[in-house]
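A.B. asks: Numbering-wise, the numbering used here puts 192 at position 191 of the sequence shown, and it's gapless, one number per residue.
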Amino acid sequence: MRTVDAAGLEIGDDRPPRIMGVLNVSEESPYDPSVFDDPGEAAEYVDAELIAEGADIVDVGLESANKRFEVLSADQELDRLDTAIEAMESTAGDAVWSIETRYHEVAAAALDRGFDMVNDVCGFADPEMPAVCADREAAVVKMASPPDLERPGAIADVDDIYDALARNGFTDRTILDPAFGGWTEEKTLADDRETFRRLREFRGYGRPILVSINRKNFLRDVVDRETEGALPASLAATSMAVERGAHVIRTHDVAETRDAAAIGAEFARDRIRETVPGAELEELDVTAPREAARHLDRVGANADIADESVIRVVEASGLDRDRLRALAAAVEGTGVAFATDGTAGTAESTRSETPATDGSGDATGSGAGDATARGLLVGTPAALERASERLVDGEFAAAAEIGSVLARIADPDR
2 MRTVDAAGLE IGDDRPPRIM GVLNVSEESP YDPSVFDDPG EAAEYVDAEL
52 IAEGADIVDV GLESANKRFE VLSADQELDR LDTAIEAMES TAGDAVWSIE
102 TRYHEVAAAA LDRGFDMVND VCGFADPEMP AVCADREAAV VKMASPPDLE
152 RPGAIADVDD IYDALARNGF TDRTILDPAF GGWTEEKTLA DDRETFRRLR
202 EFRGYGRPIL VSINRKNFLR DVVDRETEGA LPASLAATSM AVERGAHVIR
252 THDVAETRDA AAIGAEFARD RIRETVPGAE LEELDVTAPR EAARHLDRVG
302 ANADIADESV IRVVEASGLD RDRLRALAAA VEGTGVAFAT DGTAGTAEST
352 RSETPATDGS GDATGSGAGD ATARGLLVGT PAALERASER LVDGEFAAAA
402 EIGSVLARIA DPDR
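#1: Just mark I312 as buried or exposed, buried being the case when its beta carbon has 16 or more other beta carbons within 10 Å.
#2: Who are the near neighbours of G346 in its chain, counting only those whose CB is closer than 8 Å to its CB and skipping five residues on each side?
#3: Taking one C-beta from the stretch 299-310 and one from the stretch 42-49 each time, how about it: are there three or more such pairs within less than 8 Å?
#4: Straight-line CA distance for D160 to A108?
#5: Which of the three DSSP states, helix, strand or coil, is assigned to E281?
#6: Distance check for A231 and A111, CA to CA, integer angstroms please.
#7: Are R201 and G246 close, meaning C-beta to C-beta below 8 Å?
#8: What runs of the beta strand (DSSP E), each 3 residues or longer, lie entirely inside the stretch 186-212?
#9: Under 8 Å by Cβ, that's how I've got N120 and E101 pegged, so tell me the actual separation to the nearest angstrom.
#10: Please go through the same chain and pick out, in chain order, the residues whose beta-carbon is closer than 6 Å to the beta-carbon of L166, but skip the five residues on each side of it.
#11: According to DSSP, is F219 part of a helix, a strand, or is it coil?
#12: Return the chain-ordered list of same chain residues with a C-beta closer than 6 Å to the C-beta of K217, the five sequence neighbours on each side being excluded.
#13: To test your reading of the DSSP string, which unbroken alpha helix (DSSP H) runs of 4 or more residues are found completely within the stretch 39-94?
#14: Buried or exposed for R295, going by 16 or more other Cβ atoms inside 10 Å?
#15: Is the stretch 54-67 close to the stretch 9-21, with three or more CB pairs under 8 Å?
#16: Using DSSP with H/G/I as helix, E/B as strand and the rest coil, what is I410?
#17: What is the DSSP secondary structure of L377, counted as helix, strand or coil?
#18: Here's the rule: buried if 16 or more other CB atoms are within 10 angstroms of the residue's CB, otherwise exposed. What is E186?
#19: State the start and end residues of the unbroken alpha helix (DSSP H) segment that holds E396.
#20: Applying the 10 Å Cβ sphere with the 16-neighbour rule, what's the burial state of T288?
#21: Do P148 and I156 have their C-beta atoms within less than 8 Å of each other?
#22: My understanding is that P40 touches A88, with C-beta atoms under 8 Å, so please give their C-beta distance in whole angstroms.
#23: Tell me which residues share the same chain as H105 and place their Cβ nearer than 7 Å to its Cβ, disregarding the 5 neighbours each side in the sequence.
#24: How should V5 be labelled, buried or exposed, when 16 other C-beta atoms within 10 angstroms of its C-beta is the threshold for buried?
#25: Considering only the beta carbon of each residue, do R274 and E267 sit closer than 8 Å?
#26: Beta-carbon within less than 7 Å of S389's beta-carbon, same chain only, minus the 5 sequence neighbours each way: which residues are those?
#27: To the nearest angstrom, how far is it from the Cα of M118 to the Cα of R221?
#28: Quick one: give me the first and last residue of the alpha helix (DSSP H) that M2 is part of.
#29: Could you check the C-alpha separation between T196 and V212 for me, to the nearest Å?
#30: Measure the CB-CB distance between R375 and A317 and report whether it falls below 8 Å.
#31: Would you kindly report the start and end of the unbroken alpha helix (DSSP H) that includes L297?
#32: Give the single residue among L378, L236 and L392 whose Cα lies nearest to the Cα of D1.
#33: Which whole-angstrom value describes the C-beta separation of N169 and F203, a residue pair presumed to lie in contact below a C-beta threshold of 8 Å?
#34: Are the beta-carbon atoms of E54 and A256 separated by less than 8 Å?
#35: Pull the bridge partners of N169 from the DSSP assignment, please.
#36: With DSSP as the reference, label G265 as helix, strand or coil.
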């Protein structure tokens with residue numbers, strides 16, 4: 002995972018999650034508490050409500066991204082830039098300043114006048130944007146979008162979002178944003194939720210990830226809350242996003258979000274990265290085959306082994322003698338380990354004599370003391386699929402229904 006330097010602020014693995022607070026100088030913006038057209042009032046807000054509450058980055062929006070409003074031209078954004086510059090210069094606190102824009106002209110003007118980084122909501126749809134940022138050694142957030150300056154974030158399918166992030170390449174300091182939110186009528190709340198479920202996949206590019214999920218509709222819908230009551234849902238999702246590998250959280254609720262991100266980071270799995278003579282080693286956070294496929298594609302390796310990259314563990318209980326023997330025979334040679342009664346892959350163990358750990362008082366879980374067994378199947382999705390095929394092909398009819406369930410568990414798209 003690449004570490005990005007944003008004006009001295011390091012963003013990446015082994016760094017704290019970074020909080021991006023929001024300031025809007027556009028009257029069209031949907032969240033009133035962050036909207037200011039007076040530079041002095043904007044500076045006071047930034048100092049008191051963003052930096053003092055823990056924001057590492059201040060992201061300034063010059064126009065609303067709401068699809069209900071007409072897109073401003075580069076000249077119109079430049080007309081509003083003076084307010085943003087004056088607010089930045091009037092702020093006492095220390096933070097990295099980010100300009101949200103889609104135009105390279107606006108990005109260049111902002112960076113040349115003191116801004117530190119760019120938040121490109123059209124994902125390099127302006128082909129000159131990467132060079133503007135690279136020439137100034139500025140970090141840039143690249144939001145997944147079609148190659149259209151008037152349609153930011155207008156992609157629904159997760160695979161299309163992933164591909165869009167690669168369009169027009171990356172700079173050495175690119176941060177990726179999978180574009181949560183209602184950027185287009187075609188994008189549903191279910192699409193956003195699926196993108197969130199698959200957030201780890203976006204680590205496949207090996208670059209830091211930013212998420213903007215504050216009070217978003219796809220979260221509000223789950224808990225049936227209006228915007229004002231959606232903060233708890235946002236905070237829960239923030240912890241989950243950081244645990245899944247996000248590095249920057251964009252938010253209007255800085256203090257609360259910072260705490261939620263800290264909890265996510267504390268309980269995230271450690272990812273070991275070491276440099277030894279002749280090699281650099283990095284443990285990848287992979288929980289599903291398609292996540293592995295993204296990393297395999299990045300390094301130019303054959304993605305066919307993705308199904309062998311993760312382990313699934315399945316408990317089978319209530320097994321009678323026939324099903325136990327069928328299951329043990331079916332998994333033989335598939336790569337699935339089957340352990341029951343302390344013995345792996347044998348049909349002789351038809352009953353576990355070890356007290357159960359589920360509170361039932363007996364090893365079978367049935368509470369009736371009948372002659373059934375329990376065991377664990379351990380294997381990759383590919384191995385479980387091989388076992389499933391053997392179970393359902395008729396040779397092991399006694400356990401065919403078990404095979405059908407294993408096929409669902411082995412599905413690489415889960």
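For each residue, glycine too, the CB sits at the ideal point set by N, CA and C.
C.D. replies: This is what the structure holds:
#1: For the purposes of this step, residue 312 is taken as residue 311 along the sequence shown, with counting starting at 1. Classification for I312: exposed.
#2: Residue numbering aside, residue 346 sits at position 345 when the sequence shown is read from its first letter. For G346, the predicted structure reports a pLDDT of 42, less than 50, and the residue's modelled location is therefore unreliable. A value from the coordinates is still provided. Listed in chain order, the non-local C-beta contacts of G346 below 8 Å within the same chain comprise A329, V332, E333, A338, F339 and A340, local neighbours out to five positions each way being set aside.
#3: no
#4: In the sequence shown, residue 160 corresponds to position 159, counting from 1. In the sequence shown, residue 108 corresponds to position 107, counting from 1. In a straight line, the C-alpha of D160 is about 29 Å away from that of A108.
#5: Position 280 of the sequence shown, counting from 1, holds the residue named residue 281. Three-state DSSP puts E281 in a strand.
#6: In the sequence shown, counting from the first residue as 1, residue 111 sits at position 110. In the sequence shown, counting from the first residue as 1, residue 231 sits at position 230. Approximately 33 Å between the Cα atoms of the pair.
#7: As a position in the sequence shown, residue 201 is number 200, starting the count at 1. As a position in the sequence shown, residue 246 is number 245, starting the count at 1. Their beta carbons are under 8 Å apart, which means R201 touches G246 by this criterion.
#8: none
#9: Residue 120 sits at position 119 when you count from the first residue of the sequence shown. Residue 101 sits at position 100 when you count from the first residue of the sequence shown. Confirmed, Cβ separation roughly 4 Å.
#10: Working through the sequence shown from its first residue, we reach residue 166 at position 165. Hits under 6 Å: A145 and L177.
#11: Along the sequence shown, one-based indexing puts residue 219 at 218. DSSP, reduced to helix, strand and coil, places F219 within a helical segment of the structure shown.
#12: By 1-based counting over the sequence shown, the position of residue 217 is 216. The answer, listed in chain order, is F181 and G182.
#13: 40-46 and 75-91
#14: Looking up residue 295 in the sequence shown gives position 294. So R295 ends up on the buried side.
#15: yes
#16: Taking the sequence shown and counting its residues from 1, the one referred to as residue 410 is at position 409. Of the three classes helix, strand and coil, the one that applies to I410 here is helix, per DSSP.
#17: Mapped onto the sequence shown, residue 377 falls at position 376. Strand at L377.
#18: Along the sequence shown, read from residue 1 onward, the residue named residue 186 stands at position 185. Burial call: exposed.
#19: The residue given as residue 396 occupies position 395 in the sequence shown. Segment: none, E396 is in no alpha helix (DSSP H) and carries neither H nor E.
#20: Here residue 288 refers to the residue found at position 287 of the sequence shown. Label assigned to T288: exposed.
#21: Taking the first residue of the sequence shown as 1, we reach residue 148 at position 147. Taking the first residue of the sequence shown as 1, we reach residue 156 at position 155. Their beta carbons are not under 8 Å apart, which means P148 does not touch I156 by this criterion.
#22: Stepping through the sequence shown from its first residue, residue 40 is reached at position 39. Stepping through the sequence shown from its first residue, residue 88 is reached at position 87. About 4 Å separates the beta carbon of P40 from that of A88, a gap short enough to meet the 8 Å contact definition.
#23: As a first step, residue 105 must be located in the sequence shown, where it is residue number 104. Cβ within range, chain order: D127, E129, M130 and V133.
#24: Residue numbering aside, residue 5 sits at position 4 when the sequence shown is read from its first letter. V5 comes out buried.
#25: The sequence position of residue 274 within the sequence shown is 273, counting from 1. The sequence position of residue 267 within the sequence shown is 266, counting from 1. Not in contact: R274 and E267 (Cβ atoms no closer than 8 Å).
#26: Taking the sequence shown and counting its residues from 1, the one referred to as residue 389 is at position 388. The residues are G404, L407, A408 and A411.
#27: What you label residue 118 is simply residue 117 of the sequence shown in a count that begins at 1. What you label residue 221 is simply residue 220 of the sequence shown in a count that begins at 1. Looking at the two C-alpha atoms, the distance is approximately 30 Å.
#28: Residue 2 sits at position 1 when you count from the first residue of the sequence shown. Taken as a continuous stretch (DSSP letters only), M2 belongs to no alpha helix (DSSP H), as it is neither H nor E.
#29: Along the sequence shown, read from residue 1 onward, the residue named residue 196 stands at position 195. Along the sequence shown, read from residue 1 onward, the residue named residue 212 stands at position 211. If you take the alpha carbons of T196 and V212, they lie about 11 Å apart.
#30: Residue 375 sits at position 374 when you count from the first residue of the sequence shown. Residue 317 sits at position 316 when you count from the first residue of the sequence shown. Taking 8 Å as the Cβ cut-off, R375 and A317 qualify as a contacting pair.
#31: Along the sequence shown, one-based indexing puts residue 297 at 296. Element bounds for L297: P290 to R299.
#32: As shown, the chain starts at 2 and ends at 415. That puts residue 1 outside it, with no answer to give.
#33: For the purposes of this step, residue 169 is taken as the residue at position 168 of the sequence shown. For the purposes of this step, residue 203 is taken as the residue at position 202 of the sequence shown. At roughly 17 Å, the Cβ-Cβ gap does not stay under 8 Å, so N169 and F203 are not in contact.
#34: Here the question's residue 54 lines up with position 53 in the sequence shown. Here the question's residue 256 lines up with position 255 in the sequence shown. Yes.
#35: In the sequence shown, counting from the first residue as 1, residue 169 sits at position 168. Its beta-bridge partners do not exist; DSSP assigns none.
#36: Counted from its first residue, the sequence shown places residue 265 at position 264. Helix at G265.
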